[in-house]
Amino acid sequence: MLFAIQLFSQNTITLQPCVNGKDAYVRSNFATGSFGLDNVLRVATIGNPVNQAVYRSFLEFDLSVLAPGTNILSAQLNLTGSPAGHSGTANATNLKIVTGPWNETSLTWMNQPAASTVYTVLPQSTSSNQSYQVNLTGLVQDWVDLNIPNFGMCFQLVNESPSNYLTFFSGESLNPDFCPELIITYAEEGQILCALDSLNVNTGYDNDAQSVISPVAPDDDWVLINAPPNSTATANPGDPAFVIPPYFSGGNQVWADQFNTGWISANNNPSYQTNNPSGSPFRFANCFCLEEPADLGYDFSVFVDDSLYLSIQEANGTVHFLGLAGGHAGTPDLISGNLQLPAGKHCLLADHYNIGAVAMGLNIQGTLFNSIGVLGESACCGATGIISGFKFEDNDCNGKYDYTPGATDNDALLPGWTIELYDANGNLVQSTVTDQNGFYQFVGVPPGTYTVSEVQQPGYTQSLPTTGSYTVVVTDQTDQFFTDLNFGNCPVSCGAVVNDSITESCALDGTYEYYFSLDNLSTYNVTSVVFQSGPEFMWPGNNPYWAVNIAPGGNSGPFPGPVIIDPGFVITQPTTFCFDVIFLSNDYMCCHFEHCITLLPQDPCDNISVAATEIDNPDDGCCYETTVTNDFCEDYFVSITTEILTPGVTFANANGSGTWTVAGSGTFLTWFPNSGPTIPLGASGGMVFCLENINSISQTPQQVVYNWQALNAAGELVTVCSDTLEFFCQPCLTVSEEEIFCNSDGSATFNFTVTNNTDPAHPSGQIVLEVLDPYGLPLSQNVWNIPLAPGSSTPLSTTVLNPLPPAGTLMKYKVVLYDLNGLDPLWCCHADTFSIVIPDCGQGLEPCIDPTLIDPNFNCTSEFDPVCGCDNVTYTNACIAEHQFGITSWTVGVCDQNGPQSILLDVTQAGPGIAELFWTVDDATGVLAYLVERGQDLESMEIIDQVSAFAGQESYSVLDDSVLDGLNYYKVTALLSDGNVIESEVLAVEMVGPLAEAAILLSPNPVNDMLTMAWTNLPNTDLELRIMNWGQLVFTQAISGSEGVMEIDVSSWKPGVYQVLIFNDKGFYLNEKLVKMNK
17 MLFAIQLFSQ NTITLQPCVN GKDAYVRSNF ATGSFGLDNV LRVATIGNPV
67 NQAVYRSFLE FDLSVLAPGT NILSAQLNLT GSPAGHSGTA NATNLKIVTG
117 PWNETSLTWM NQPAASTVYT VLPQSTSSNQ SYQVNLTGLV QDWVDLNIPN
167 FGMCFQLVNE SPSNYLTFFS GESLNPDFCP ELIITYAEEG QILCALDSLN
217 VNTGYDNDAQ SVISPVAPDD DWVLINAPPN STATANPGDP AFVIPPYFSG
267 GNQVWADQFN TGWISANNNP SYQTNNPSGS PFRFANCFCL EEPADLGYDF
317 SVFVDDSLYL SIQEANGTVH FLGLAGGHAG TPDLISGNLQ LPAGKHCLLA
367 DHYNIGAVAM GLNIQGTLFN SIGVLGESAC CGATGIISGF KFEDNDCNGK
417 YDYTPGATDN DALLPGWTIE LYDANGNLVQ STVTDQNGFY QFVGVPPGTY
467 TVSEVQQPGY TQSLPTTGSY TVVVTDQTDQ FFTDLNFGNC PVSCGAVVND
517 SITESCALDG TYEYYFSLDN LSTYNVTSVV FQSGPEFMWP GNNPYWAVNI
567 APGGNSGPFP GPVIIDPGFV ITQPTTFCFD VIFLSNDYMC CHFEHCITLL
617 PQDPCDNISV AATEIDNPDD GCCYETTVTN DFCEDYFVSI TTEILTPGVT
667 FANANGSGTW TVAGSGTFLT WFPNSGPTIP LGASGGMVFC LENINSISQT
717 PQQVVYNWQA LNAAGELVTV CSDTLEFFCQ PCLTVSEEEI FCNSDGSATF
767 NFTVTNNTDP AHPSGQIVLE VLDPYGLPLS QNVWNIPLAP GSSTPLSTTV
817 LNPLPPAGTL MKYKVVLYDL NGLDPLWCCH ADTFSIVIPD CGQGLEPCID
867 PTLIDPNFNC TSEFDPVCGC DNVTYTNACI AEHQFGITSW TVGVCDQNGP
917 QSILLDVTQA GPGIAELFWT VDDATGVLAY LVERGQDLES MEIIDQVSAF
967 AGQESYSVLD DSVLDGLNYY KVTALLSDGN VIESEVLAVE MVGPLAEAAI
1017 LLSPNPVNDM LTMAWTNLPN TDLELRIMNW GQLVFTQAIS GSEGVMEIDV
1067 SSWKPGVYQV LIFNDKGFYL NEKLVKMNK
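Numbering of the sequence shown is given in the numbering used here, commencing with residue 17 and proceeding in unit increments.
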C-alpha cells in the first residue's frame, strides 16, 4: 500500500496532565517505599557494588481520547531535565514497554510490573540538565489500535552499575511547563491520509486542493536546494519553485502543456536570458518516504526548456540516475522504470539546465508507485532536513565565489571533494563527495544538531567558512532546508613552470610547440607530472605525462621534446591559455597549480603578400610580372595557383623566369618553386604571364586570384590563403556590324566596321586585316590606309576570292592598327581574334559531323569556353566539340536559345535548424550554376551555397543546415552563359533553430563502482566513446543515436581523474571529467 499525498486534515493534541497524570519511580534500597508524589523522576544506580541503590521510573498517559483506527502521524515525548541533574559516563537509558497495571501512589520496587521489551534508547547525556525528545509514533499507534495494552513505559539504565544518574521533572513539578508532555498529531479514522497506491509528483499541482496551481504562486512540493552560483533567477536555494505560465513568442504558445501540471522554474516568469552560470544546474528536490524496503516504480512524462537530469537520492547519500529530457513541445520525453530502495526518506532530484537563454521552465507529469512498500510525501514522514551547498576553488582567496559571465579568471566549481556530516556527539553520520557540478546535499536528515565540514586536500587552504565548518539544528516541527553551506579553498602553489617558450609549428593545423622546465616547490619528491588542459584546448594524445624525479626545491631541467598545443581553431588575436600542472608522488596526486601562457596569432594569411607590375613585351600587350612574399614559414607553402575569374579572358606566354616551373593553360596556372619543395622565405619574383582575349570593356578590370597551397596531415594539397589582384587591360579596338554574303561569281563580300578604342588615345593611319584560319585565304584587300582617330569608327569591305573554302568553314581573323607613318604597330594589350562563317556560294557544304575526328583518348580540359557547333548544339569548348563529337565547324559562343525566364522557389522546414529548398526553372538552357542566398532581413542576404547546373535538369533541391531561429529570407539566382542572371522571388519563412547544445552527463561523479553515462543532443550518427587516464585508453565503445544511456563497471579502475570523450568521423566532439574514488 502506498501513501497518498492528500492531507485533508490533521489534528494535534498535547497531553500534559501534570498532577492529574500518572508517574512514579522506585528504588531498590527502599523496596517497599512509594515515590509517586515526588517532583522528579529518577533513573539511576548509585553507591557501590556492596551497598548500591537502583532507581527506575514509570510513566503512563491516558490515550482514551483517541479512538482505535486513528492514524498517528507523529507522537513525541518531551522530558525536561531537573536541577538535580544528570551524571556518570554510562547513563544511556532504555525506554521499555510496561506489560502490567500499576498505581501511582502504591508503586514500589517490590510490586513493579514487568517491562521486558525495549522500544528505544535515550542516549548518553551531553549536559547536566539535558532535556530529551523521544519519538513514540509507532508505540502510540500500537496503543491506540489496542495491539498492545497501554500500561505506560519504564525508564531503566542500559547498564545498572554505579554511578550513573538521570533526573526529569515529574507531573508534580511546581512549574506545569516542566511536566512530562506527549504531543500527538493524528488523522481520524476514515480520513484519506498517506494511504493510496501511488504518489503524484506533478509540477505545478496542489495535491491538497486537487487543482493546478496558478502562476506565480509557489509549488511547495518542489524546493530549490542548489543553484548556479551568482544566479540571477528570482528564487534562492531553500525557496519553493515558482509556478509560471508557458512561454509565448509572437503571440503563439511555444511550450506544450500536460494534464494536471504546471510549468515551474527558479525564475518567476518564463523569460530568462542567461545561460546557467558556470554550466551547473538549478537543482530541485521533491521528497518522499518508504516505511519499509520497496521495489519503487516511477513513470514520468517531461517537457523542459532546455534540458533535465532526473535522479533519486537515498537518505544514505546513494544517487540513482533515472533519465534525461530535452524538449519543450511535440512529444514529451518518457522516463520510467523500477528501483530497489530501503526504508526511509528519499528525494527526487531534478537538475534543470538553461543552455540556450531566452526562456527557462520545467513541466513533469509523474507518479511514484508500489503495491508492496509504503510510500508517502514528505509531510507523511516526520520532519527532516536537507543540507546543501557547493565546493569551489577560491582563486583570489577572498572567501567568496567570484563569477563574471565571459571572464576567464572565474572561480571553478570542484567535483570530487568529500563533505562530512557529524552529530552533536561528534559521530560521523554520513559523508558524500561533490558531484560533477561541485554540488553536494544530505537529504532526510532527522532532527538534531549537526556539524558540516569538508576533508582537506593537499595544495589548498580553506577560505570559507572562516570557522572551518557549519552548525545545523534540524527541529521536529517541519521540513527544513539548509542551503548555501558552501566551501571555498585557496590553491597553494606547489611548483612553477620556468624557462618556457612557444614557437609556431608551421603545421597546417595551426598548432604550437611548447618548451619548458619545472621547479618543485612542494615538500614531496615528485615522481611524475601531468599537464591537464583546460576546456578551450585539447592536447593531442590527451594529457601529456612524464615520469620524473624532482626533489623538493629541485628543478626538472629542460623536458625532452616539445608539447604540441592544439587550439582546435586559428588564433587570430593574442589568446591566454591556462592549464593545470599536476605533481604526483607514488601514484597519488600531491598537488597541482595553474600556469597560463599566451598564444600569439599565427594565421599564415597575415604573413604573405602578392604584387604585380606591368612589363613590356615586343610580341604581345598586357603582360605582367608577379612577386610573392612569404614571411610565414619556410617549410609550409608548396605551390601557388593563379586563376582568371573574368569570363572570356585567358593566360598567354606564361613564364617562370628560372624561378618557377609553371604548368597549365587557359584560365588556370600552377607555379612550383625551382629552389626546393616549398616556397622560400622572403620575396620571389619572376612569375610572368600575359592576358588575352579581352574583347570588351565589360571585361575590365580583369580579376586574377592567387591561391597559396600547402600539404595537410593526409598529404593532400589544399588551399590555405587567397589573394585577388585586379588588372586594367582594355581592348584597343572593336569590330562590329560584321556581314558576309555571296556574289554572282561565287566569291563572297565581307563587310565590317572598326572602332579605335586606344587608351591612352592614339590615332592610327593604317588598318590591316590578317586571316589566321584557313591560312592563306585569298582576299581582294586586307590593308586600308585610312586615318582613324581615337573614338572614331570606319566601315570596311573586302572580297573573299575563289575558290572559297567549304560552306560552314569558320574564318578566324584579327585586325591590327598601325601608326600614322605605317611603321610601328600599335599592339594592343591583347591579340584580338574574331570569326565569321563562310556561306554557301555554290562551293558545297562541308559535312557537319566527321566520325573520324572522334578520339575518346584525346585529353580535353573541362574549361568552359562555349562554342556553337554546325549542328546548332552548344559545346563546353572547341576541343570537346571536335574530338568527342566529331563536329567539323563551329562558332564561338553559345547557340541561339530561349533560356530560362523564371525560377519557382519553395522552402520548408526539414528539421530543427534545417531547411529544404526546392526550385524549378521553366527552361534549363544556358544555365551554368545557381546561387542560394539567405538572411534575417533583405539587407543581410548572403550566399550560403552554389549549385552547379546540369544540362537539361530543371529541378533542384538543397538542405540548409544552419537555419537561424525565427524569420529567414531565401532567394535563388541562376547564372546564364550569356552573362545574364535570373532571380527567384524572395521568400520569408519562419523557422525553428537548431537543437540545444550537446552534453555528456555522468552519475555518480565521483564514482566508486557503477557509472551511469548519458548523452544528449549529439549528431544522430555513429560515434565512439573513449575514457582516458593520464593519456592511457582504459575503455572504448561504439555508440550511436542523438541521446542514450549506458552503465560501466569501474570498480576495478584505480582512483584518479579520467577524461570521458566522444568522437565523430571528423575527430574530437565532446569531453567531460570523471573522478574515480576509493571504495
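A virtual CB, placed ideally from N, CA and C, is assigned to each residue, including glycine.
Nothing here was measured: the structure is a model prediction, and the numbers come from that model.
Spatial distance of residue i from residue j (CA atoms)
i: Val979; j: Asn505; result: 45 Å
i: Glu949; j: Phe880; result: 24 Å
i: Ala341; j: Asp349; result: 6 Å
i: Asn216; j: Ser230; result: 18 Å
i: Asn55; j: Val259; result: 54 Å
i: Trp1031; j: Asp451; result: 17 Å
i: Gln797; j: Thr814; result: 5 Å
i: Lys709; j: Val665; result: Note on residue identity: the sequence assigns Asn, not Lys, to residue 709. Using only the alpha carbons, I get a separation of about 5 Å.
i: Gly432; j: Ser227; result: 42 Å
i: Val514; j: Phe575; result: 11 Å
i: Thr121; j: Phe304; result: 46 Å
i: Asn801; j: Leu812; result: 11 Å
i: Cys844; j: Cys748; result: For Cys844, the pLDDT reaches just 48, beneath the cut-off of 50, and the residue's location in the model is therefore unreliable, leaving the point undetermined.
i: Asp953; j: Glu1006; result: 12 Å
i: Ala423; j: Ser973; result: 44 Å
i: Gly389; j: Asn191; result: Its pLDDT being 49, under 50, Gly389 is placed unreliably in this model, and the value from its coordinates should be taken loosely. Gly389 and Asn191: Cα-Cα distance of roughly 45 Å.
i: Val137; j: Asn107; result: 11 Å
Sheet register partners of residue i (DSSP bridge)
i: Asp321; result: Gly377
i: Ile598; result: Val546, His608
i: Leu534; result: Val513
i: Asp235; result: Ala257
i: Met703; result: Thr642
i: Tyr1167; result: Because the chain here runs from 17 to 1095, residue 1167 falls outside it and cannot be looked at.
i: Gln478; result: Asn505
i: Leu437; result: Gln446, Val468
Own chain residues within Cβ distance below 8 Å of residue i, not counting five before or after
i: Lys828; result: Val787, Leu788, Asp789, Thr849, Phe850, Ser851
i: Thr825; result: Pro790, Val853, Ile854, Glu862, Ser905
Residue j beta carbon less than 7 Å from that of residue i
i: Val468; j: Leu437; result: yes
i: Gly398; j: Ser147; result: no
i: Thr61; j: Pro139; result: no
i: Glu1097; j: Leu697; result: Shown here, the chain extends from 17 to 1095; a query on residue 1097 therefore has no answer.
i: Gly168; j: Phe74; result: yes
i: Ser625; j: Gln725; result: no
i: Ala233; j: Leu240; result: no
i: Cys510; j: Cys621; result: no
i: Asp8; j: Glu610; result: In the structure as shown, the chain begins at 17 and stops at 1095. Residue 8 is therefore absent and cannot be evaluated.
i: Thr30; j: Ile199; result: yes
i: Phe319; j: Ile351; result: no
i: Val449; j: Pro33; result: no
i: Thr750; j: Thr774; result: no
Residues near residue i by beta carbon distance below 7 Å, same chain, minus five either side
i: Ala990; result: Pro916, Ile919, Val937, Val943, Tyr946, Val997, Ile998
Cβ neighbours of residue i in the same chain (closer than 6 Å, five flanking residues each side left out)
i: Thr614; result: Pro590, Thr592
i: Ile113; result: Thr133, Tyr135
i: Pro309; result: Pro358, Ala359
i: Asp367; result: Pro297, Arg299, Tyr325
i: Ser752; result: Thr769
i: Cys911; result: Cys884, Asn888, Thr890
Taking the runs of the alpha helix (DSSP H) that are 4 residues or longer, which of them lie wholly in the stretch 153-183? 153-160
I'd like the ranges of any beta strand (DSSP E) spanning at least 3 consecutive residues and lying wholly in the stretch 66-117. 68-76, 87-95, 109-113
Which whole runs of the alpha helix (DSSP H) in the stretch 890-963 are 4 residues long or more, in chain order? 894-901
Would you mind listing the beta strand (DSSP E) stretches within the stretch 757-815 that are 3+ residues and don't spill past its ends, in chain order? 764-772, 782-789
Going along the chain, which unbroken runs of the beta strand (DSSP E) with 3 or more residues stay wholly within the stretch 257-281? 279-281
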